[in-house]
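Number of protein chains: 2
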Amino acid sequence: MATNAKVYIVDDDDDMRNSIQWLLESANLPVCAFESAEQFLASYNENKPGCLLLDVRMPGMGGLRLLEYLQSIHRHLPVIMFTGYGDVDTAVRTLKAGAFDFLEKTANHQLILERVRLALAEGETLHRRELDRTRCKQLLTKLSPREHEVMLRLIQGQANKLIAIELGLSERTVEKHRKNIMEKTNVGSIAELTRLFYAHDSEVV
Amino acid sequence: MATNAKVYIVDDDDDMRNSIQWLLESANLPVCAFESAEQFLASYNENKPGCLLLDVRMPGMGGLRLLEYLQSIHRHLPVIMFTGYGDVDTAVRTLKAGAFDFLEKTANHQLILERVRLALAEGETLHRRELDRTRCKQLLTKLSPREHEVMLRLIQGQANKLIAIELGLSERTVEKHRKNIMEKTNVGSIAELTRLFYAHDSEVV
DNA sequence: AAGTCAATGGGTAGTTCTACCCATATCCAG
DNA sequence: CTGGATATGGGTAGAACTACCCATTGACTT
Chain V
16 MATNAKVYIV DDDDDMRNSI QWLLESANLP VCAFESAEQF LASYNENKPG CLLLDVRMPG
76 MGGLRLLEYL QSIHRHLPVI MFTGYGDVDT AVRTLKAGAF DFLEKTANHQ LILERVRLAL
136 AEGETLHRRE LDRTRCKQLL TKLSPREHEV MLRLIQGQAN KLIAIELGLS ERTVEKHRKN
196 IMEKTNVGSI AELTRLFYAH DSEVV
Chain G
16 MATNAKVYIV DDDDDMRNSI QWLLESANLP VCAFESAEQF LASYNENKPG CLLLDVRMPG
76 MGGLRLLEYL QSIHRHLPVI MFTGYGDVDT AVRTLKAGAF DFLEKTANHQ LILERVRLAL
136 AEGETLHRRE LDRTRCKQLL TKLSPREHEV MLRLIQGQAN KLIAIELGLS ERTVEKHRKN
196 IMEKTNVGSI AELTRLFYAH DSEVV
């Protein structure tokens, strides 16, 4: 059973776009098609899971530039670069730029469907990770500036007394901040707080 | 100034191998050449930084299979797949298999050198990360089985009392284990211990 | 003007952790 | 067989943390 993950199609060729859209919808995949990179960007919501089937050669913003732009923003939308004339150089540049896959339009339907399903699954995985990450970030942004300062020292393992000295505060004040931090971030120990903080950039097994 | 990072070349074609070796050595890069994947594997030391310039088509174990094998072991040796007849399908499969780059042998010397230098730099970065990771692992493997068990609960933020109950021990014994753990891993707090443990799979910024 | 929040500081009691001291039993290697 | 590591348990004292209570100041909002 699929989630609400969508397949976005960006291709300026009406026939090709409609043909692919038909193919994917026949396989019960939710599709959203655009005829230019600009139109896609205007309506794309990065907080929904999905994958992107992207034509390389288009008037205006080309596929490679859109790919690079998307990668510079985030990397939780797997991109399948879709091309009519596959040359090695484009394929290499595309994949090194972070594309999930590189497909030729002449590929048979079975293969295309298979690759799209893989990209969709990857998109859902990345989306879940992103949700976790933003959840952590939101917890930490609830802290006031002072609390954030104290938090950074707590996850280094500094004792209240040391923090008080270094920040020129009384121990009582640090204790108060510490309590607020642990309430706001909803953790029961410094170990949990440490994991919460470092979960930004890591994927724990 | 380069470190001791080496460029490994694996190619069954003598002329090509020597030509590339000459090119790289002219640029003052340390080179180690092999005429088969098997010979390379026999003498490759995975604990040294470097990169691999790998021919696709070879008798015996082919380039793609060697790449996949190496990726299954670790991923701190960047591989540049080097091919005479670049077709899109091979390029895509190679890069999706985790290759760092895909180069055609017809490329000019300047380009080859540039790509090799990039791979070498990447190899050094990956090597440094690997050193950190193994350092953490070594610290943690110094723990006895019982200590490891206690450690896992400590980094979850469990209190000595709870650990004692769950493991059917006295608090005194848990305290003793805790002390030994922190001495062996050379940390001054549970927060540090937590970071040490989760540094296995993460790259902290 | 009143209310809320952040930041500051204090007291007191109870829990938890750390640092010392002590001991016993097992197992493995020199 | 003796020493070392592992695992177990106890006592005691002090440091650190937690959970309550109290208060003032300043800034921003309603």
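Heads up: the sequence lines are chains V and G, in that order.
Under our numbering, think of the first position of the first sequence as 16, with each following residue one higher.
Under our numbering, think of the first position of the second sequence as 16, with each following residue one higher.
In this text, a Cβ means the ideal position worked out from N, Cα and C, and glycines have one as well.
query, result
"Which residues DSSP lists as bridging G:Val46, in chain order", "G:Val22"
"Members of the segment 162 to 181 of chain V that neighbour chain G once the beta carbon cut-off is set at 9 Å", "Leu169, Ile170, Gln171, Gly172, Gln173, Ala174"
"Cβ-based contacts, 9 Å cut-off: residues of the segment 191 to 214 of chain V near chain G", "Val202, Gly203, Ser204, Ile205, Ala206, Glu207, Leu208, Thr209, Arg210, Tyr213, Ala214"
"Spatial distance of G:Ala114 from V:Asp147 (CA atoms)", "29 Å"
"Chain V contacts made by the segment 130 to 154 of chain G, where a contact means CB separation under 8 Å", "none"
"The alpha helix (DSSP H) enclosing V:Phe212, as first and last residue numbers", "205 to 213"
"Separation of V:Ser34 from G:Glu218, as counted between CA atoms", "For G:Glu218, the predicted structure reports a pLDDT of 39, less than 50, and the residue's modelled location is therefore unreliable. The matter cannot be settled from this model."
"Anticipated Cβ contact below 8 Å, V:Glu164 with V:Leu182, distance rounded", "7 Å"
"Validate contact between the segment 48 to 58 of chain V and the segment 74 to 90 of chain V using beta carbons, cut 8 Å, 3 pairs", "yes"
"Beta-bridge partners of V:Met96, as assigned by DSSP", "V:Leu69, V:Phe117"
"Cβ of G:Gly113 within 7 Å of any chain V Cβ", "no"
"G:Ile196, buried or exposed, once every other Cβ within 10 Å from all chains shown has been counted against 16", "buried"
"Among G:Asp29, G:Ala20, G:Glu40, nearest to G:Ile127 - alpha-carbon criterion", "G:Glu40"
"Interface partners of G:Glu119 on chain V, CB under 8 Å", "Val103"
"Beta-carbon spacing of V:Asp27, V:Met73 below 7 Å", "yes"
"V:Leu110 at chain G interface by Cβ criterion, 7 Å", "yes"
"V:Ile24 burial status per 10 Å Cβ neighbour count (16 or more: buried)", "buried"
"Beta carbon proximity, G:Val107 to chain V, threshold 7 Å", "yes"
"Reference G:Gly65, options G:Arg187, G:Leu82, G:Asn201, G:Cys47, closest by Cα", "G:Cys47"
"For G:Glu137 and G:Pro93, believed in contact at Cβ under 8 Å, the rounded distance", "5 Å"
"Whole-number beta carbon distance between V:His192 and V:Glu162, since they are thought to touch under 8 Å", "5 Å"
"8 Å Cβ cut-off: residues of chain G touching V:Asp70", "Per Cβ cutoff of 8 Å: no residues; V:Asp70 is ~16 Å from chain G at best."
"Where G:Gln125 falls, given that 16 or more other Cβ within 10 Å makes a residue buried", "exposed"
"Local Cβ density within 10 Å of V:Tyr213, reported as buried at 16 or more and exposed below that", "buried"
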